[in-house]
Structures are given as structure tokens and as C-alpha cells.
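Here's the structure we're looking at; comments come further down.
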Amino acid sequence: MPQDTPDTSFKRVMLKISGEALMGDQGYGLHPPTVQRIAEEVKSVHDLGVEICMVIGGGNIFRGLQGSAQGMERTTADYMGMLATVMNALAMQSALEELSIHTRVISAITMNEVAEPYIRRRAVRHLEKKRVCIFAAGTGNPYFTTDTAATLRANEMSCEAIFKGTKVDGVYDKDPAKHADAKRYDTVSYDDVLAKRLGVMDASAIALARDNNLPIIVFSLDEPGGFRGILAGKGTYTRVQG
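Next up, the structure:
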């Protein structure tokens, strides 16, 4: 484990981003310059000596809930969504390795040709060797989101916090894109997030984080240097805690 640096006291963190974050201004798919920009954000934190886990959603390619809403059987739709997360993970791995960051894609669904299977001890060893671990294919089970997968893996990897990169700079009492009077929380409790349905993560993920006292820090991924700044306690963000 690395020593504390002057910039941050975090040693190991989980970065959770949505698949939509990778599509830039496009309406679908991957936008390579956006993937590269996020990879550079990850590198800036990796350079501090922080061990990084990542989970990336698949909504830019396929979202299981939308598929099931259109008549597709839910389990099949969810598995298709899991495969979309593997595609995103491979894209991020490629971008990170172009920046000379050793990266492993670890899939909850076995696909040996493109990713390692999930073995907890092996993943921990990768982190100790300063490799970025991208956990793909969710939990490997339908009916669970990548939010829940991120919280599960963060607990298994002994991460100190989940950093959720979004389009907005924190958690608001209502949608700031629709309501000019929306107020941002500096801190909010897990129970308030659930009771007020604030939409930080799905209820399963929030409950899992609460039961293990794992803080969730919500920040804007669109802010250049934002990830490194938030790790140092600077910038604007919301902390979800007990």
C-alpha cells in the first residue's frame, strides 16, 4: 500500500462512471476523445500513488431495463447490458495503456480471450502492483445494476470510498437541469438518499454502502482535473455517509 501523499489521504478508491459519460456529445456509443480525457483524469490520480478500481456502466451501448421495457425478456436484456460494459472497459483499458498505465479488465462473466475472470485475491494483488482494475460485466447476475456492482467490488477490494463521476457537481434535492431553485447537499445520509429518492445510486447499492459504512462522493466528471481535486478535498461535491 502506498504512503499518504501531500495531496490526498486516500490509498484505494473506486471510480464509478456511467456508460453515457463515454459518449461525449454523441447520442450513442463511444467518443474516443472523451474516453481519452477520462483516462487522463484517472492517470492524474494514479500518479499520486492511489490504487484505483473502476466500474463503467453500459448505457451508451445497451441498457437492460430499456430492453425489457420494449418487450425483451429481462434476464436476456440484462446480460446484453453486461456485455456492453465489457466493451466500455476494453476501450478504457486501451486509453489507459496508451498513457503507460498498466490496466486489467476483470469480468464477472468468463471470457478468457479478452478479460480475466474475477478472482478477489488476484485483483487485490493487481492493485498492490499499481495496476488499474476495471471490473466489467456487473456482478455477473441479472437484476443488479453496475451501481450495485461498484459498491460490491469496492467493499471486496477494501476501497475507502466510491467516487461517482456524473454530469452534475453533487446531489441535489431535485433535478438542477429542470429546476433553477434546486439545492445541492454538501453531505447527505444514506437514509435520506433512500427516503427522498435522490437518485444517487439505486437502492441496493445505497443499502450495501450504508451497511458497510462506505462513503460515496458524487462529483462532476466534466470538470477538468476534477477527480484529482476532489481526492484532495477541493472542488464541489456531495458526500453520502452515515
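Counting from 1, position 207 in the sequence shown corresponds to residue 221 in the working numbering; the numbering is continuous, with no gaps.
By construction, the Cβ of each residue, glycine as well, lies at the ideal position given by its N, Cα and C atoms.
Computed from a prediction, not measured in an experiment: that's the story for all the values here.
With DSSP run on the structure shown, which of helix, strand or coil describes residue i?
i	result
residue 117	strand
residue 229	coil
residue 172	coil
residue 87	coil
residue 234	strand
residue 32	coil
residue 80	helix
residue 159	coil
residue 10	The structure shown does not extend to residue 10, since the chain is modelled only from 15 to 256, so the question has no answer here.
residue 20	A caution first: residue 20 carries a pLDDT of 48, below 50, which makes its placement in the model too unreliable to give a value.
residue 95	helix
residue 254	strand
residue 145	coil
residue 248	coil
residue 15	For residue 15, the predicted model reports a pLDDT of 41, less than 50, meaning its position is unreliable and no value from the coordinates is stated.
residue 211	coil
residue 132	coil
Nearest CA to the CA of residue i: which residue from the options?
i	options	result
residue 65	28, 96, 55	28
residue 206	194, 196, 197, 220	220
residue 192	84, 182, 199, 200	182
residue 252	238, 239, 234	234
residue 255	241, 225, 246, 240	225
residue 129	201, 135, 104	104
residue 202	212, 196, 141	212
residue 171	106, 239, 138	138
residue 136	126, 239, 40, 118	118
residue 132	67, 144, 106, 210	67
residue 144	125, 134, 116	116
I'd like to know whether the C-beta atoms of residue i and residue j end up nearer to each other than 8 angstroms.
i	j	result
residue 123	residue 154	yes
residue 230	residue 223	yes
residue 204	residue 185	no
residue 177	residue 120	no
residue 76	residue 95	yes
residue 152	residue 31	no
residue 58	residue 241	yes
residue 216	residue 157	no
residue 228	residue 164	no
residue 25	residue 174	yes
residue 33	residue 48	no
residue 196	residue 188	yes
residue 218	residue 162	yes
Assuming residue i contacts residue j (C-beta within less than 8 angstroms), just tell me the rounded distance between them.
i	j	result
residue 149	residue 69	5 angstroms
residue 90	residue 71	That pair is no contact at about 18 angstroms.
residue 60	residue 146	6 angstroms
residue 36	residue 102	6 angstroms
residue 247	residue 237	Not quite, the Cβ-Cβ distance comes to about 15 angstroms (not below 8 angstroms), so this is no contact.
Subject >> Segment contact flag, the segment 44-54 with the segment 93-113, C-beta cutoff 8 angstroms, min 3 pairs >> reply: yes
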